[in-house]
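Data first, discussion second: the structure below is written as structure tokens.
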């Protein structure tokens with residue numbers, strides 16, 4: 061992925077406009093992409109530091125091509141796989157060499173010279189390897205010493221396609237708020253909402269007057285902390301948004317060192333490959349733990365989108381069912397913001413057509429008592445990870461006809 065500093069863009073009338081890759085610029089970008097990919101493939105078996113030097117030397121570019129070249133080089137590096145070839149523990153090797161070297165130095169006579177190779181040979185003998193293997197293991201845990209093992213089978217054209225997406229993703233790293241109107245097939249909406257949840261993003265969904273849904277996502281620059289991590293998740297969610305049949309996206313930005321207020325607009329039609337929706341890690345572990353309880357409830361990923369006229373849209377993560385009872389849903393709200401919790405409290409108080417448990421991190425400093433007087437909703441605050449037993453208790457409470465008011 062690119063950083064915002066590598067984005068090729070201009071500012072015009074309060075808007076950020078990405079510089080297009082067309083005409084001679086695209087031809088030149090294709091040449092640069094081919095040169096960088098050829099260089100990477102020629103460096104298989106060499107270290108990351110050597111690859112970095114090779115990429116830097118493979119293209120001579122003008123000042124106006126700097127961001128383009130560095131951006132493509134970054135994506136080529138992202139397409140590379142590296143590994144540490146040493147089977148020895150670098151820390152243990154360094155510790156033993158330092159220990160033996162110190163002992164040898166102290167035993168030297170006034171005119172004697174320290175023999176580094178002898179120390180290497182002795183440690184190699186102790187570990188039953190060659191001195192060359194000891195030398196190679198010394199700093200094998202450093203990133204720059206990792207060895208390039210494989211380069212993804214990309215063509216120059218495919219790299220340019222990745223570059224176009226990466227620039228749009230990098231713009232979102234500086235977003236305060238993103239508004240996206242999307243039009244999908246029914247199953248497409250569920251996949252999209254699940255993908256946004258998989259990235260643990262803060263978002264609201266409402267019906268769009270012009271058709272489809274409007275998704276309002278909090279941007280990384282709306283948060284007080286976790287800006288980098290959240291921004292990365294937002295950027296990684298872009299392919300899922302672009303998979304919609306129609307996408308009209310507007311992002312409020314804080315751009316550059318001066319954090320200038322700018323607006324970025326982007327439209328896409330026809331959809332793309334998108335991204336797998338997946339499931340949040342916490343939910344995968346929770347489902348396994350819940351099934352081990354052996355309760356009467358069957359748990360499964362939810363496929364419902366709860367459209368509440370005049371209130372908004374709720375996208376549950378899980379559904380719980382048992383014979384003769386109304387299904388109960390669970391939505392994981394994550395830990396980014398208290399506002400997301402309070403918005404759900406407002407929905408619950410306005411009246412929900414389903415029974416639901418809202419799960420949120422206790423770090424958000426809200427009280428479960430907030431929904432004590434609401435019959436069809438529970439607020440569950442968890443520390444660290446979701447508790448299967450705690451959720452089961454809340455399911456049973458929601459199912460109880462004699463639940464205390």
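Numbering (this note's numbering), first residue to last: 61 to 465. Ideal Cβ positions, reconstructed from N, Cα and C, are used throughout, including at glycine.
So, under 8 Å CB-CB, residue 324 and residue 231 are touching, yes? Tell me the CB distance rounded to an integer number of Å.
Within the chain shown, numbered from 1, the residue matching residue 324 stands at position 264. Within the chain shown, numbered from 1, the residue matching residue 231 stands at position 171. Indeed they touch by this definition, with Cβ atoms about 5 Å apart.
Could you tell me the boundaries of the alpha helix (DSSP H) in which residue 255 lies?
The residue given as residue 255 occupies position 195 in the chain shown. 246–258 is the extent of the alpha helix (DSSP H) around residue 255.
Nearest to residue 279 by CA position, among 253, 261, 271, 170, is which residue?
Translated into positions along the chain shown, residue 279 becomes position 219. Comparing Cα positions, the closest option is 261.
To the nearest angstrom, report how far apart residue 391 and residue 356 are at their CA atoms.
Taking the chain shown and counting its residues from 1, the one referred to as residue 391 is at position 331. Taking the chain shown and counting its residues from 1, the one referred to as residue 356 is at position 296. Distance between the alpha carbons of residue 391 and residue 356: 20 Å.
Residue 463: buried (16+ other C-beta within 10 angstroms of its C-beta) or exposed?
The residue you call residue 463 lines up with position 403 of the chain shown. Because residue 463 carries a pLDDT of 45, less than 50, the predicted location of this residue cannot be relied on, and the following value inherits that uncertainty. Exposed, because fewer than 16 other Cβ atoms sit within 10 Å of the Cβ of residue 463.
Is it true that the stretch 433–443 meets the stretch 415–423, where meeting means three or more beta-carbon pairs spaced less than 8 Å apart?
As far as the Cβ criterion goes, the stretch 433–443 touches the stretch 415–423, which means the pair count is three or higher.
Alpha carbon to alpha carbon, how far is residue 315 from residue 213?
As a working mapping, residue 315 is identified with position 255 in the chain shown. As a working mapping, residue 213 is identified with position 153 in the chain shown. Going from the Cα of residue 315 to the Cα of residue 213 covers about 34 Å.
Taking all protein chains shown into account, decide if residue 227 is buried (16 or more other Cβ within 10 angstroms of its Cβ) or exposed.
Here residue 227 is taken as the residue at index 167 of the chain shown, counted from 1. Result: buried.
Within the continuous alpha helix (DSSP H) that includes residue 399, where are the two ends?
Working through the chain shown from its first residue, we reach residue 399 at position 339. Residues 398–410.
Going by DSSP in three states, residue 269 sits in which element: helix, strand or coil?
Residue 269 sits at position 209 when you count from the first residue of the chain shown. Three-state result, residue 269: coil.
Compare the Cα-Cα distances from residue 326 to each of 308, 184, 352 and report the closest residue.
Within the chain shown, the letter at position 266 stands for residue 326. Among 308, 184, 352, the Cα nearest to that of residue 326 is on 308.
Starting from residue 372, follow its DSSP beta bridges and name the residues at the other end.
Your numbering for residue 372 matches position 312 in the chain shown. 368, per the DSSP bridge assignment.
Relative to the C-alpha of residue 121, which candidate in 98, 105, 93, 102 has its C-alpha closest?
Reading the chain shown from its first residue, position 61 is the one you call residue 121. The shortest C-alpha separation from residue 121 is found at 93.
Name the residue from 199, 98, 378, 343 whose alpha carbon lies nearest to the alpha carbon of residue 363.
Within the chain shown, numbered from 1, the residue matching residue 363 stands at position 303. Here the closest residue by C-alpha is 378.
Output yes or no for whether 8 Å exceeds the beta carbon distance between residue 306 and residue 329.
Within the chain shown, numbered from 1, the residue matching residue 306 stands at position 246. Within the chain shown, numbered from 1, the residue matching residue 329 stands at position 269. In this structure, residue 329 lies closer than 8 Å to residue 306 by Cβ.
How is residue 87 classed by DSSP in three states: helix, strand or coil?
Your numbering for residue 87 matches position 27 in the chain shown. Residue 87: helix per DSSP, three-state reduction.
On a Cα-Cα basis, can you pick out the residue from 258, 265, 273 that is closest to residue 243?
Translated into the one-based positions of the chain shown, residue 243 becomes position 183. Ranking 258, 265, 273 by Cα distance to residue 243 puts 273 first.
Does DSSP put residue 435 in a helix, in a strand, or in coil?
Here residue 435 refers to the residue found at position 375 of the chain shown. Three-state result, residue 435: coil.
Which residues share a DSSP beta bridge with residue 290?
Residue mapping note: residue 290 aligns to position 230 of the chain shown, counting from 1. Residue 290 pairs with nothing; no bridge assigned.
Starting from the Cα of residue 271, find the closest Cα among 249, 263, 287 and give me that residue.
The count along the chain shown starts at 1 and reaches residue 271 at position 211. Minimum Cα distance to residue 271 is reached at 249.
Touch check for the stretch 69–76 and the stretch 153–165: three-plus C-beta pairs under 8 Å?
Output reads no: the stretch 153–165 does not touch the stretch 69–76.
Closest by CA to residue 459, which one among 448, 428, 380, 219?
As a first step, residue 459 must be located in the chain shown, where it is residue number 399. Among 448, 428, 380, 219, the Cα nearest to that of residue 459 is on 380.
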